[in-house]
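Below is one structure, written out as structure tokens; the observations come after it.
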Amino acid sequence: MSRWFVIVEEQSGNGEGRQWRVTNVAPAAETEEKAQELALRTAREYQPEHPWAPRRRQVYRLATPGSFLVAVEGRTATFHFRVSLGEQIYDGPETGIMR
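Each residue of the sequence shown is one higher than the last, beginning at 17 in the working numbering.
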């Protein structure tokens, strides 16, 4: 089982209703080094919900290893998403509670 995961958070909604949410959590690798490679590839290639017709992508490496901020310019607006690397340190039992 993979210990490292690539997590994508992106803006959803329009105008004043934009909010950040986690949209993708994917197993990455057993080693942090391999997981960082996948995080960078995700920052370069992930297709966010918005914009529909991307024109330009800018990727910024953040201070935390394996973390990136990506700006994707569309025809009428620029949207952002974050790619982070996370190590799963706990996976508790199912509680049976449905919410």
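Glycine included, every Cβ here is placed at the ideal spot set by N, Cα and C.
Determine, using beta-carbon pairs with one atom in the segment 85-105 and one in the segment 39-55, whether at least three such pairs fall under 8 Å.
yes
Counting along the chain, where does the alpha helix (DSSP H) carrying T80 start and finish?
No alpha helix (DSSP H) holds T80; DSSP gives it neither H nor E.
What does DSSP give as the partner residues of H66 in its beta bridges?
Beta-bridge pairing links H66 to no other residue.
Mind checking E26: buried by the 16 CB within 10 Å criterion, or exposed?
Of the residues assessed, E26 falls on the buried side of the cut-off, its CB having 16 or more other CB atoms within 10 angstroms.
Are V88 and T80 touching if we call contact CB-CB under 8 Å?
Going by beta carbons, V88 and T80 fall outside the 8 Å limit.
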